[in-house]
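Asker:
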Amino acid sequence: MSIEITSSFQGSSSAGTLFLVPTPIGNLGDMSPRAVETLQNVDLIAAEDTRNTQKLLNHFEIKTKQISFHEYNTKERLPQLLDKLRQGLSLAQVSDAGMPSISDPGSELVQACIAASIRVVPLPGPNAALTALIASGLCPQPFLFYGFLSRKNTERKNELAELAAQQVSLIFYEAPHRLVKTLQSLVTAFGGERKVVLCRELTKRYEEFIRGTLPEALEWAQSSQVKGEFVLIVEGNPQKEEDKPQIVLPLEDQVRLLIESEDLKTNDAIKRVAKDNHVKKQVVYNEYHHLN
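Anchor point for the sequence shown: position 248 equals 248 in UniProt numbering, and the numbering is continuous, going up by one each time.
1) What number of angstroms, rounded off, separates the C-alpha of Val94 from the C-alpha of Glu287?
2) To the nearest angstrom, report how far apart Ser2 and Leu85 are at their CA atoms.
3) Hey, Pro126 and Thr23: beta-carbon distance below 8 Å or not?
4) Helix, strand or coil for Arg151? Go by DSSP, reduced to three states.
5) Where do the ends of the alpha helix (DSSP H) carrying Lys63 lie?
6) In the DSSP assignment, the alpha helix (DSSP H) including Lys181 goes from what residue to what residue?
7) Nearest-angstrom Cα distance between Gln54 and Phe209?
8) Return the residue from the list Lys271, Lys227, Thr203, Gln141 that minimises the CA-CA distance to Val168.
9) Can you tell me whether Pro176 is helix, strand or coil according to DSSP?
10) Can you grab the Cα-Cα spacing for the pair Ser261 / Glu108, in whole Å?
11) Arg151: buried (16+ other C-beta within 10 angstroms of its C-beta) or exposed?
12) For Ile247, name the three-state secondary structure that DSSP assigns.
13) By a C-beta neighbour count over all protein chains shown, 10 Å radius and 16 as the cutoff for buried, is Tyr206 buried or exposed?
14) For Lys265, list the residues DSSP reports as bridge partners.
15) Would DSSP call Thr23 helix, strand or coil?
16) Quick one, which of Ile62, Pro250, Gly29, Asp104 has its alpha-carbon nearest Val283's?
17) With C-beta atoms as the reference, is Gly88 less than 8 Å away from Ser7?
18) Which residue or residues does DSSP assign as beta-bridge partners of Arg200?
19) Got a sec? Which residues, its chain only, sit under 7 Å from Leu214 by beta carbon, not counting five neighbours each side?
20) What separation, rounded to the nearest whole angstrom, lies between the Cα atoms of Lys75 and Leu82?
21) Report yes if the C-beta distance between Asn27 and Lys204 is below 8 Å; otherwise report no.
22) Does the beta-carbon of Ile291 have 16 or more other beta-carbons within 10 angstroms, so that it is buried, or is it exposed?
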């Protein structure tokens, strides 16, 4: 039997401890006393963006030194941070907002510490995905957190094709400038009946929840000045795979969405829709060009 058990607060070790410290996703009042105390007491803070974290440290009068640790310097920083931990220094890891390692860098450091038998202590705290989920009004459990979809059209299409049959609530993150394209892709992959909640600027002054179907949310996004970071909560598929209708949107709408979301030429989009729906290309062509 090779199971490994590590206690966060019992036993002694000459190595330091890695603390995973959540930071507010918008409202500084959500910073816990334990998080402040931990950042004050560690020897060093590994921050995704030291300039952003410095504002937080200044607000809480925390004097601890920082070192940058992000996706572009992970390979260089990992051995440096491990050396400091082995020397007995304590280290806190933070991202720009919310939980470290959730759609942010950091998991590599945790894995390296575990492999080196260095203690890892997580602190609970702010998380955008769960904050959005509990206020969405959609089924809170079970759920699947996906984070950011791929920016590449083909990869994003494949991701959503795999997720379309999921019967659990789905959680996505998205930036404002990509919201329309992502909603277009969701409508194409999931159809027009799914409910969605767009959660914007959580815990901040302009916090909003936009509720409706995917097409309604897409229409809102196309006609609005979209600002702020978004969490998208999408209703799970209420139907079993074998009960799903073959055509979830009118053929014309399917062609238009493919053109907009994947930058396809009209004829290529018509061919794709015909293939996906098992109908002749001429049927799709006639409907798209209103020739019936």
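Where is the CB? At the ideal position from N, CA and C, for every residue including glycine. For clarity, every value in this text was computed on a predicted model and none was experimentally measured.
Answerer: In short, the structure shows the following:
1) Val94 and Glu287 have their C-alpha atoms some 53 Å from each other.
2) The straight-line gap separating the alpha-carbon atoms of Ser2 and Leu85 is approximately 25 Å.
3) In contact: Pro126 and Thr23 (Cβ atoms closer than 8 Å).
4) Three-state DSSP puts Arg151 in coil, outside helix and strand.
5) From DSSP, Lys63 is part of no alpha helix (DSSP H); its letter is neither H nor E.
6) Under the DSSP assignment, Lys181 falls in the alpha helix (DSSP H) whose first and last residues are 179–190.
7) Roughly 30 Å separates the two Cα atoms.
8) For Val168, the closest of Lys271, Lys227, Thr203, Gln141 by C-alpha to C-alpha distance is Gln141.
9) Helix, per DSSP.
10) A straight line joining the alpha-carbon of Ser261 with that of Glu108 spans about 33 Å.
11) Exposed is the call here.
12) Here the model assigns Ile247 a pLDDT of 47, short of 50, so the residue's position is not dependable and the matter cannot be decided.
13) Exposed.
14) None, per the DSSP bridge assignment.
15) Three-state DSSP puts Thr23 in a strand.
16) Of Ile62, Pro250, Gly29, Asp104, the residue nearest in Cα terms is Pro250.
17) For Gly88 and Ser7, no; Cβs fall outside 8 Å.
18) Answer is Glu208, Phe230, bridged to Arg200.
19) These residues qualify, in order along the chain: Leu183, Leu186, Val187, Phe190, Gly192, Arg194, Val196.
20) The straight-line gap separating the alpha-carbon atoms of Lys75 and Leu82 is approximately 12 Å.
21) For Asn27 and Lys204, yes; Cβs fall inside 8 Å.
22) The residue asked about is misnamed: residue 291 is Leu in this sequence, not Ile. With a threshold of 16 other beta carbon atoms within 10 Å, Leu291 falls short and is exposed.
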